[in-house]
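Below you'll find the structure, written out as structure tokens, and then a few comments.
The following block contains the structure:
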């Protein structure tokens, strides 16, 4: 029986692309490039640190990946400026469909499970309108491992008291879909970029730029093991999902 | 005392960009895009599978990442075609400075430690002129973990009989530099793209395309923990490296 919906935060409930304006204000002309490379390196560093057994929290990873990204352009930033710019990740905009989707699932336990550090998640959720619709905001931080390390997903059962088979895990991140499914959750993938839309972004104009390449690298279902049980175009479709499992309430 | 030089293969001794011609012949107009996205996803899948405990060998990872990449363009390929195209990774060109650099280190044990499966590495090395200059070609495959997972680096001591402190590990891959240094090797980083050259690639012309973005993501020293002991511009400079450690022969 499905008892809980657990959501990825960055890219699923909250739009990581919404930092671009603040970045472009700080580094004129580089908003798109920095936004994409920063996010790609942020994820990469989270994976590498997990693999190496060299965990640092996501706030550190976020500042390190920003520092790397600025360095590729020959831009330097001291710790204070890095923190100011990285704070854009604490004020991301929720997707337009997030609040109503969470409200429609009020009969279930609703939680976030995110790579974000507890302080980042507290800032993120309190500044949006999603907080009243969430029963728990869970961080992987206590496990000192990032998704898709299976240890990261253990937090759900430990903190929410639900078995993996009682959870629909919701993510638009392909690696997270693989990891959550491999762990044992039911998984709904939010397809924010359809294959057709991606193809148009890649072949429509001349050169493939940073935003299109980001979509190419991050938006499609991964060929990396497990696939989602359900693929839907937006969070709004989630309330129809439990019907997929016959033993749902 | 330095007793051995151990080399990364893909990107360090062998040029992963050398597949572009074969790719462009198979998929006209898409050679550059596919080359870059394929390599980025190949590494990503190796990391994700290691993290998830879902190891498949690098030949599988290489075909899966190619399949994903073709899919982003709406191109389909059956298993036979995937294998034919993926075989480009078994015939990569060595960098121009590789053979002479290995020859100049004849007083040391010289080995490859690579993510590549044993069959991939056997094909790669036998088709180049590097084989006579290598004492061992080591794969991570027996460990069922990819670099930078520390288990991957254990192969060196087990197979070559040298302690980490007796090894100079040589790589142009930032994640590999971090992983090897974190493991305990001395590490020489080959800087194939200088910060100045990268800056020019990123700011010289209008849009930042796939090749420039690949360089931005993969060619610079990572802000991810450990740094190399030595940074040199080419493999040719390696023979001067042991002088950095006073107890070298």
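Residue numbers (this note's numbering), protein chains in the order written: chain A, 226 to 474; chain B, 226 to 474. Just so it is clear, CB atoms sit at the ideal spot from N, CA and C, and this is done for glycine as well. In this text the structure is predicted, and so the values were computed from the model without any measurement.
In terms of DSSP beta bridges, what is residue i paired with?
{"i": "residue 456/B", "result": "414/B"}
{"i": "residue 239/B", "result": "235/B and 319/B"}
{"i": "residue 402/B", "result": "In the DSSP output, where bridge partners are listed per residue, residue 402/B has none listed."}
Determine the closest residue to residue i out of the options, with distance taken between C-alpha atoms.
{"i": "residue 460/A", "options": "299/A, 319/A, 377/A and 436/A", "result": "319/A"}
{"i": "residue 397/B", "options": "228/B, 332/B and 454/B", "result": "454/B"}
{"i": "residue 230/A", "options": "456/A, 393/A and 428/A", "result": "393/A"}
{"i": "residue 408/B", "options": "414/B, 415/B, 372/B and 422/B", "result": "372/B"}
{"i": "residue 442/B", "options": "344/B, 452/B, 451/B and 424/B", "result": "424/B"}
{"i": "residue 444/B", "options": "359/B, 241/B, 232/B and 226/B", "result": "241/B"}
{"i": "residue 303/B", "options": "279/B, 316/B and 288/B", "result": "288/B"}
{"i": "residue 383/A", "options": "359/A, 350/A, 353/A and 338/A", "result": "338/A"}
{"i": "residue 280/A", "options": "365/A, 264/A and 351/A", "result": "365/A"}
{"i": "residue 233/A", "options": "301/A, 363/A and 271/A", "result": "363/A"}
{"i": "residue 360/A", "options": "341/A, 381/A and 402/A", "result": "381/A"}
{"i": "residue 286/B", "options": "269/B, 239/B and 226/B", "result": "269/B"}
{"i": "residue 321/A", "options": "402/A, 236/A and 414/A", "result": "236/A"}
{"i": "residue 385/B", "options": "336/B, 357/B, 327/B and 284/B", "result": "336/B"}
{"i": "residue 418/A", "options": "462/A, 458/A and 406/A", "result": "458/A"}
{"i": "residue 227/A", "options": "367/A, 411/A, 309/A and 343/A", "result": "411/A"}
{"i": "residue 440/B", "options": "296/A, 239/A, 307/A and 446/A", "result": "296/A"}
{"i": "residue 344/A", "options": "252/A, 377/A and 284/A", "result": "284/A"}
Applying a beta-carbon distance threshold of less than 7 Å, which residues of chain B neighbour residue i?
{"i": "residue 374/A", "result": "276"}
{"i": "residue 388/A", "result": "What residue 388/A touches in chain B: nothing, since even the nearest Cβ is about 20 Å away."}
{"i": "residue 335/A", "result": "What residue 335/A touches in chain B: nothing, since even the nearest Cβ is about 26 Å away."}
Residue i versus chain B: which residues are under 9 Å apart at the beta carbon?
{"i": "residue 292/A", "result": "448"}
{"i": "residue 407/A", "result": "277, 278 and 279"}
How would you list, in chain order, the residues of chain B whose beta-carbon sits under 8 Å from the beta-carbon of residue i?
{"i": "residue 435/A", "result": "433 and 438"}
{"i": "residue 289/A", "result": "448 and 449"}
Buried or exposed: which applies to residue i, given that a residue is buried once 16 or more other Cβ atoms fall within 10 Å of its Cβ?
{"i": "residue 435/A", "result": "buried"}
{"i": "residue 387/B", "result": "buried"}
{"i": "residue 332/B", "result": "exposed"}
{"i": "residue 264/A", "result": "buried"}
{"i": "residue 467/A", "result": "buried"}
{"i": "residue 267/B", "result": "buried"}
{"i": "residue 433/A", "result": "buried"}
Run down chain A in chain order and give the residues with a C-beta less than 9 Å from the C-beta of residue i.
{"i": "residue 237/B", "result": "Here the premise fails: no neighbours, minimum Cβ distance about 17 Å."}
{"i": "residue 420/B", "result": "296, 297 and 299"}
{"i": "residue 414/B", "result": "Per Cβ cutoff of 9 Å: no residues; residue 414/B is ~15 Å from chain A at best."}
{"i": "residue 469/B", "result": "Going along chain A, no residue has its Cβ under 9 Å from residue 469/B, so there is no contact; the nearest lies around 24 Å."}
Determine the chain A residues that contact residue i at a beta-carbon separation under 7 Å, and present them in chain order.
{"i": "residue 400/B", "result": "273"}
{"i": "residue 320/B", "result": "Simply none; closest approach about 22 Å."}
In chain A, what lies closer than 8 Å to residue i by C-beta?
{"i": "residue 262/B", "result": "438, 441 and 442"}
{"i": "residue 445/B", "result": "293, 296 and 297"}
Could you tell me which chain D residues have their CB closer than 9 Å to the CB of residue i, listed as they occur along the chain?
{"i": "residue 369/B", "result": "The question asks about chain D, but that chain is absent: this structure's protein chains are A and B."}
Can you tell me whether residue i sits near the ligand SAM, meaning its C-beta is under 7 Å from at least one heavy atom of the ligand?
{"i": "residue 354/B", "result": "No copy of the ligand SAM occurs in the structure displayed, which carries no ligand at all."}
For the stretch 244 to 255 of chain B against the stretch 411 to 425 of chain B, do three or more pairs of beta-carbon atoms, one drawn from each stretch, fall closer than 8 Å, so that the two count as touching? Taking a cut-off of 8 Å for Cβ pairs, the stretch 244 to 255 of chain B and the stretch 411 to 425 of chain B do not touch, as fewer than three such pairs fall below it.
Touch check for the stretch 248 to 264 of chain A and the stretch 290 to 302 of chain A: three-plus C-beta pairs under 8 Å? yes
Measuring CB atoms only, is the stretch 310 to 319 of chain A touching the stretch 339 to 353 of chain A, in the sense that at least three cross pairs come out at less than 8 Å? A contact exists between the stretch 310 to 319 of chain A and the stretch 339 to 353 of chain A.
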